[in-house]
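Here's the structure, in structure tokens; my notes come after.
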Amino acid sequence: MPELPEVETIKRDLEKVIAGKKITKVCVHNAAVIKEPSAAEFKKKLVGRTIKRVLRRAKVLILELSSGKALAVHLKMTGQLVYPGNSSKSRVSFYLDNGKSLDFNDQRIFGELRLVDDWKKLKFIRALGPEPFDITLEQFKEMLRLKKTKIKPLLLDQSFISGIGNLYAAECLFRSRIRPERPANSLSEKEAGLLLKEIKAVLKEAIHYGGSSIDDYVRVSGKPGSYAQYHKVYARQGKPCLVCKTRIHKITMGGRGTCFCPKCQK
DNA sequence: AATGGGACCTGCGCGC
DNA sequence: TGCGCGCAGGTCCCAT
């Protein structure tokens, strides 16, 4: 579930509490989440390193280390980074020079940790499309014009635009009053402009509220984000539209649940 | 190129 | 009460 706003929130939270701290010990409770190098190498190369700063690219967190290497963290659906950790649910615990730990929790073990020399060369980083906040209106119109595919799955395509997931795609389309099954190249210039504006606005608001605590997402402190109370369509199937009271529909697109208002969204 | 499905996982809520 | 099933979704991979 963590999408751009949740990962950005974690990035900001993390930077405040762990930048400048040294890793003194690494406990691996489930090696499956370590994708590279081997668990043994992973530990050896992390111990003694200082976390210099924390970056975000799309839904990926990057912890830059004093060795010049970087730890890339993808939370996928249920990953959490919690500090100080209590290790009860931890898959990997990073002990720091103040005696506290940063815990990587991940109920479903989909998350991925990678310790690499150059994170920008990672295959899944190279394949990412632009960050939503970097896209200009002219660029966005051109991006849409070239695509015949349905707009909702397209917003989830990380090589098209990076950082949006199922929840925010639904919210952005609702606020833009665009049906999820509309072909991308059928959007008028006005609709494209509105969609880009709403994408930026929704993501910005969600970051402001510390993300949406649906399922497992929590902030680094373990506390929830508070944006879920402002959701307008996501997971509201069967309930009245907050604008026109029409019953919110839910369909499946590309294997994903997709909620929309059949009256408001054209 | 676009689309659909399965795989990876676990916990939850539902129906019987 | 308890069991089994489907669903939740980020991303990759394969097939059509």
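Take the first sequence: its position 194, counting from 1, is numbered 452 in this note's numbering, and each next residue is one higher.
Note that the Cβ used here is the ideal one computed from N, Cα and C, for glycine as well.
> For the candidate residues Leu333, Leu304, Thr336, whose alpha-carbon lies nearest to that of Gly326?
Replying inline: Leu304
Subject >> Host alpha helix (DSSP H) of Val340 (start-end) >> reply: Run containing Val340: none in the alpha helix (DSSP H); it sits in the beta strand (DSSP E), 337 to 340.
### Query
Leaving out the 5 sequence neighbours to the left and right, which residues in its chain are closer than 8 Å to Asn443 when beta-carbon positions are compared?
Leu402, Arg403, Leu404, Lys405, Lys406
**Prompt:** When DSSP builds the beta bridges, which residues end up paired with Thr308?
**Reply:** Lys280
**OP:** Can you have a look at His466 and say buried or exposed, based on whether 16 or more other CB atoms are within 10 angstroms of its CB?
**Re:** His466 is classed as exposed because its beta carbon has fewer than 16 other beta carbons within 10 Å across all chains shown.
Cβ contact (3+ pairs, closer than 8 Å) linking the region 337 to 349 and the region 280 to 299: Yes, since at least three Cβ pairs between the region 337 to 349 and the region 280 to 299 fall closer than 8 Å, the two stretches touch.
request  = With DSSP as the reference, label Phe352 as helix, strand or coil.
outcome  = DSSP places Phe352 in strand when its eight states are reduced to three.
For this session: Note down, in chain order, each residue of its chain lying with its Cβ closer than 7 Å to the Cβ of Val478, except the 5 sequence neighbours on either side.
Result: Ile268, Asp271, Leu272, Val275, Leu339, Val340, Tyr341
I need the straight-line Cα distance from Lys458 to Glu294, nearest angstrom please.
34 Å
Fill in: Reference Ala493, options Gly451, Ala427, Lys524, closest by Cα
Ala427
Stretch-stretch touch, CB-based, cutoff 8 Å, three pairs: the region 366 to 373 with the region 326 to 337: Cβ pair count under 8 Å is three or more, so yes.
query: Using 8 Å as the threshold, is the region 412 to 424 in touch with the region 383 to 393, meaning 3 or more CB pairs across them?
result: yes
* **Lys378 versus Glu396, Asp355, Phe362, Ala316, residue with shortest Cα-Cα distance** => Ala316
Output the distance between the C-alpha atoms of Lys301 and Met511, rounded to the nearest integer angstrom.
-> 41 Å
Alpha carbon to alpha carbon, how far is Phe518 from Ser359? 42 Å
query: Looking only at its own chain, which residues have a Cβ that is under 7 Å from the Cβ of Ile472, when we skip the five neighbours before and after it?
result: Met259, Leu425, Ala486.
_What does DSSP give as the partner residue(s) for Val331 in the beta ladder?_
Leu319, Leu371
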